[in-house]
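One structure below.
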Amino acid sequence: MTDETEQTAAPEEKSLFEAPPMGEQERMVEAILFASAEPVTVRELNDRMPHGADAAEALVHLRKRYEGRGVRVVKVGDAYAIRTAPDLGFLMQKEQVETRKLSRAAIETLAIIAYHQPVTRAEIEEIRGVSVSRGTVDQLLDMEWIRFGRRKMTPGRPVTFVVTQHFLDHFGLESARDLPGLKELRAAGLLDNRLPPGALPTTPEDEDLVEETNEGQSELFED
Amino acid sequence: MTDETEQTAAPEEKSLFEAPPMGEQERMVEAILFASAEPVTVRELNDRMPHGADAAEALVHLRKRYEGRGVRVVKVGDAYAIRTAPDLGFLMQKEQVETRKLSRAAIETLAIIAYHQPVTRAEIEEIRGVSVSRGTVDQLLDMEWIRFGRRKMTPGRPVTFVVTQHFLDHFGLESARDLPGLKELRAAGLLDNRLPPGALPTTPEDEDLVEETNEGQSELFED
Amino acid sequence: MTDDFIEKAKREAVQDRLAAEALIVDVDGFEGPLDLLLTLSRTQKVDLRKISILQLARQYLAFVEKAKQLRIELAADYLVMAAWLAFLKSRLLLPPDPEEEGPSGEELAAHLAFQLERLQAMRTAAARLMARDRMGRDFFARGIPEDVTKTRIVTYSATLLDLMQGYARLRTKDEFRPFVMDRDSVFTMEEALDRMRGLIGFAGQWTDLTSYLPEGWESDPKKRRSATASTFAAALQLAKEGKVNLRQDGTFGRIELRQKEADHD
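The structure is reproduced here in structure tokens:
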């Protein structure tokens, strides 16, 4: 993606119709990211910068500039934000926010959603072996760590859950692909949607379910 | 106080008891200023940084580092904060364009001005049968669809209104003369009631546009 | 040495018993039967992939048995799991019956092992996730965000059609009085009064009020209703003015009207 950007940037820079020099663009991206507590998408950056600016390229420069500094440019989903370097957290006692203590059920449910997304409530229950209480899901929704995803194309068209950009931001993840141990779990087949043997002969719906899950995952995890 | 700090900092750095290297101190100041919800004093910085650190000196380095960048370290009272560079303030504004339908009063007023220009407020009121609110005229002036024309050579020398080039551009008209007359409006099905013959002009009073001292107008309004 | 061994065995038995009781006391703390199974499986001290499901089933059933002895109420799903494990146990112990349909005991056991491994994997993943550097604890967002000031630019739009219709509306309003409702079938009191005043001079005799309805208003029910109401109101008005007398021979009877002067005749 970076290569692409650079390739397209070069001719654009030549035509240099209105776009400010790259150094200026970098300053602009810097100012916008500093000003915002929330991650800002490349699209939004381009929208706010003068016509012809290439926020993606400016970001590459800016990220490099902040390497090893007290704050860094981090990628959150398809957006960017400036965050303090994690090794300096000890200086920030004053800023530390008391995060709500999450129940074990909530933490497990969150992990299942993150690793299996998009995932239905029934699938969460199947994995945990207990019913998911409404409060647990509500709490995660309330914290904006999960949101509703697309409905599954299975009978009843159940809603699915996926994690949010806020979740990625909170846990310092560039994308859901960067979840710790994701590859190993997938390689071990532990993220497969394996149905109980013989419980039901594999009906077309079930095949759909499996396919859907894979699709959803590939969308989320494979660029 | 700064002097004092510097004086004590030197020997302390030599003793290299705990104080981190200046580069590290700069990172710390950077992170604290970034994350803090309020400007931070030097004293507070020192309190939060490891023993032996010299926030004042670190600040000098940091301020220099941000010179010419998209954000700068500024002094606010006796405290410090990171702020957007003043020349980039325009990036912190987002323009939201909202399109609204012009009110009926405004449309009618505009129509009268277009068909009868140059026209006085009293004349507009006579045609509309209601008084014209200041806001309506201001809005049309503000939109640059109408402007003041020459004063009428009648008692009181009232100001007149005419439509602008901008108006013509917006409505795709070459001139106000191109506005369809009532006959044409009826032919186009825009008027469905019968019209008493001769009661109304069939074309806009466009001659007036050229000649401001006009008979057509007096005929229309002064009877 | 033998004594030691026995001592040790005793001690372990006691420990096991205590552990089992602790499990039972904690039963509320378990997140369902699968969680309990996972906890029990740890006592086997082997990799989850090498777990003996048969042994696990025995442990679970023993646990449920113990709970019964202690008269602890177990939630239904624990009992369902117990029943299923009892079935699984028999499947695993008995030689496979070729007649029997459905999955083999091994298949069922393998799936249970998979479920346990998956749950364990999710727990580990959850722990790793929560142990990450987290925003608001280890790293921080901007403390003084500079809000983007949103300047709202309102543009008003109007089409040429709006303009022309607006003008047409104005220039023709004298003719069609757009705010007057459709009065095709309304005979106003003023109209009735006008009409009555003209006719009253001829009302020397008692005449039925309905005969005063204007021509063309008698048949259409809507028109008739309106004309009757206004004519009646006009008659009352005329009576008030002392111009006519009215009479009615009974409730809902005919209303008759006569010119007042006729009285004196």
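Chains as they are written, first to last, in UniProt numbering: chain A, 1 to 223; chain B, 1 to 223; chain C, 1 to 265. The C-beta atom is built at its ideal place from N, Cα and C for all residues, glycine as well.
message: When you compare the CB positions of E108/A and M122/C, do they come within less than 8 Å of one another, or not?
response: On the first sequence, position 108 is the one that residue 108/A refers to. On the third sequence, position 122 is the one that residue 122/C refers to. Yes, these two residues count as a Cβ contact at 8 Å.
query: What residue from E184/A, S133/A, Q93/A, R150/A has the CA that sits closest to A106/A's CA?
result: Here the question's residue 106/A lines up with position 106 in the first sequence. Residue S133/A is the option with its Cα nearest to A106/A.
task: Output yes if chain A places a C-beta closer than 8 Å to the C-beta of R69/B; else output no.
output: For the purposes of this step, residue 69/B is identified with residue 69 of the second sequence, where counting begins at 1. Judged by the 8 Å Cβ criterion, R69/B is in contact with chain A.
message: In the DSSP output, what is K101/B paired with across the bridge?
response: Here the question's residue 101/B lines up with position 101 in the second sequence. K101/B is bridged to S157/C.
message: Below 8 Å on the Cβ atoms is my contact criterion, and I expect L160/C with G172/B to pass it. Report the Cβ-Cβ distance as a whole number of Å.
response: If you number the third sequence from 1, residue 160/C lands on position 160. If you number the second sequence from 1, residue 172/B lands on position 172. Contact holds; Cβ gap of about 7 Å.
- prompt: Would the beta-carbon of Q237/C be found less than 7 Å away from any heavy atom of the ligand HEM?
  reply: For the ligand HEM, the structure offers nothing, since it holds no ligand at all.
field: Among K183/A, P86/A, L179/A, R128/A, nearest to A141/C - alpha-carbon criterion
entry: For the purposes of this step, residue 141/C is taken as the residue at position 141 of the third sequence. Selected option, being the one with the closest Cα: P86/A.
message: With a threshold of 8 Å between beta carbons, is S36/A in contact with chain C?
response: The residue you call residue 36/A lines up with position 36 of the first sequence. Output row for S36/A: interface = yes.
message: Let me confirm a value: P21/A is counted as buried when at least 16 other C-beta atoms fall within 10 Å, else exposed. Which label applies?
response: For the purposes of this step, residue 21/A is taken as residue 21 along the first sequence, with counting starting at 1. Counting Cβ neighbours within 10 Å, P21/A comes out exposed, since fewer than 16 surround it.
message: Between the region 90-100 of chain B and the region 118-125 of chain B, can you find at least three pairs of beta-carbon atoms closer than 8 Å?
response: no
query: Taking 8 Å as the CB-CB limit, is M164/C close to chain B?
result: Start at 1 with the first residue of the third sequence, and residue 164/C comes out as number 164. Output row for M164/C: interface = yes.
query: Just to confirm, are V73/A and L168/A a CB contact at a threshold of 8 Å?
result: If you number the first sequence from 1, residue 73/A lands on position 73. If you number the first sequence from 1, residue 168/A lands on position 168. No, the Cβ-Cβ distance between V73/A and L168/A is not below 8 Å.
task: Could you please give the first and the last residue of the uninterrupted beta strand (DSSP E) stretch that includes F252/C?
output: Position 252 of the third sequence holds residue 252/C. Looking at the DSSP string, F252/C is not in any beta strand (DSSP E), and its letter there is neither H nor E.
message: Between which residues of its own chain and P58/B is the CB-CB distance below 6 Å, once the five residues before and five after are set aside?
response: Counting from one through the second sequence, the residue named residue 58/B turns up at place 58. The sequence as given places Ala at residue 58/B; Pro does not occur at that position. Answer for A58/B: Q25, E26, V29, listed in chain order.
query: Can you tell me whether DSSP reads Q165/A as helix, strand or coil?
result: One-based indexing of the first sequence puts residue 165/A at position 165. Looking at Q165/A - three-state DSSP - the assignment turns out to be helix.
query: What whole-angstrom Cβ distance do A57/C and L85/C have, given they're in contact under 8 Å?
result: Residue 57/C sits at position 57 when you count from the first residue of the third sequence. Residue 85/C sits at position 85 when you count from the first residue of the third sequence. 4 Å between Cβ atoms; contact.
field: Every unbroken alpha helix (DSSP H) within the region 38-87 of chain B, with a cutoff of 4 residues, ordered by chain
entry: 42-48, 55-65
- prompt: Under a three-way DSSP split, which group does L74/C fall into?
  reply: What you label residue 74/C is simply residue 74 of the third sequence in a count that begins at 1. L74/C falls in the coil class under three-state DSSP.
- prompt: Going along chain E in order, which residues have a C-beta closer than 8 Å to the C-beta of M28/A?
  reply: As a matter of chain content, chain E is missing from the structure shown, whose protein chains are A, B and C.
task: Quick one: list the residues of chain C neighbouring P180/B, beta-carbon separation under 7 Å, in chain order.
output: Walking along the second sequence from the start, residue 180/B turns up at place 180. Chain C residues near P180/B: M164.
task: Keeping to the same chain, check which residues put their C-beta closer than 7 Å to that of A218/C; ignore five residues upstream and five downstream.
output: Within the third sequence, the letter at position 218 stands for residue 218/C. Note on residue identity: the sequence assigns Glu, not Ala, to residue 218/C. Contacts found: R224.
- prompt: Beta-carbon of I53/C versus every beta-carbon of chain B: anything under 8 Å?
  reply: Translated into the one-based positions of the third sequence, residue 53/C becomes position 53. No, I53/C does not count as interfacial toward chain B.
query: Nearest CA to the CA of E44/A: which residue from R177/B, Q117/B, L91/B?
result: For the purposes of this step, residue 44/A is identified with residue 44 of the first sequence, where counting begins at 1. For E44/A, the nearest C-alpha among the options comes from L91/B.
task: Give the secondary structure of R128/A by DSSP, where H, G and I count as helix, E and B as strand, and everything else as coil.
output: Counting from 1 along the first sequence, the entry for residue 128/A is found at position 128. DSSP places R128/A in helix when its eight states are reduced to three.
field: chain C contact residues for P197/A, given Cβ-Cβ distances below 9 Å
entry: Translated into positions along the first sequence, residue 197/A becomes position 197. Near P197/A (Cβ distances below 9 Å), the residues of chain C are G102, P103, S104, E107, L108, A110, H111.
message: With a threshold of 8 Å between beta carbons, is A187/A in contact with chain B?
response: The sequence position of residue 187/A within the first sequence is 187, counting from 1. By this cut-off, A187/A is not an interface position.
message: According to DSSP, is T120/B part of a helix, a strand, or is it coil?
response: In the second sequence, the residue the question calls residue 120/B occupies position 120. Three-state DSSP puts T120/B in a strand.
is_contact[F114/C, chain A] using C-beta, thresh 8 Å: The count along the third sequence starts at 1 and reaches residue 114/C at position 114. Chain A, which has a Cβ nearer than 8 Å to the Cβ of F114/C, makes this yes.
message: Can you tell me whether R118/C is buried or exposed? The criterion is at least 16 other CB atoms within 10 Å of its CB, across all chains shown.
response: On the third sequence, residue 118/C is found 118 positions in, with the first residue counted as 1. Buried: at least 16 other Cβ atoms inside 10 Å.
- prompt: Whose C-beta lies closer than 7 Å to the C-beta of T202/A among residues of the same chain, with five residues either side of it excluded?
  reply: One-based indexing of the first sequence puts residue 202/A at position 202. Its pLDDT being 41, under 50, T202/A is placed unreliably in this model, and the value from its coordinates should be taken loosely. Once the five neighbours on either side are set aside, T202/A has no close Cβ partner at all.
task: Report the three-state DSSP secondary structure of K152/A (helix, strand or coil).
output: If you number the first sequence from 1, residue 152/A lands on position 152. Note: K152/A maps to coil in three-state DSSP.
message: Closest to R169/C by C-alpha separation, out of I112/B, M49/B, S131/B, F34/B, would be which residue?
response: Residue numbering aside, residue 169/C sits at position 169 when the third sequence is read from its first letter. Of I112/B, M49/B, S131/B, F34/B, the residue nearest in Cα terms is I112/B.
- request: Determine which residues of the region 125-147 of chain C have a Cβ less than 7 Å from any Cβ of chain A, and write them out in chain order.
  value: A125, A126, R128, L129, M130, R132, D133, R134, M135, G136, R137, D138, F139, F140, A141, R142, G143, P145, E146
field: Minimum C-alpha distance to Q165/C - residue among R157/B, H61/B, Y115/B
entry: As a first step, residue 165/C is located in the third sequence; it is residue number 165 there, counting from the start. Comparing Cα positions, the closest option is Y115/B.
- request: Return no unless some Cβ of chain C is closer than 8 Å to the Cβ of V97/B.
  value: Taking the first residue of the second sequence as 1, we reach residue 97/B at position 97. V97/B counts as touching chain C.
Min CB distance L190/A to chain C below 8 Å: As a position in the first sequence, residue 190/A is number 190, starting the count at 1. For L190/A, the answer is yes, since a Cβ of chain C falls inside 8 Å of its Cβ.
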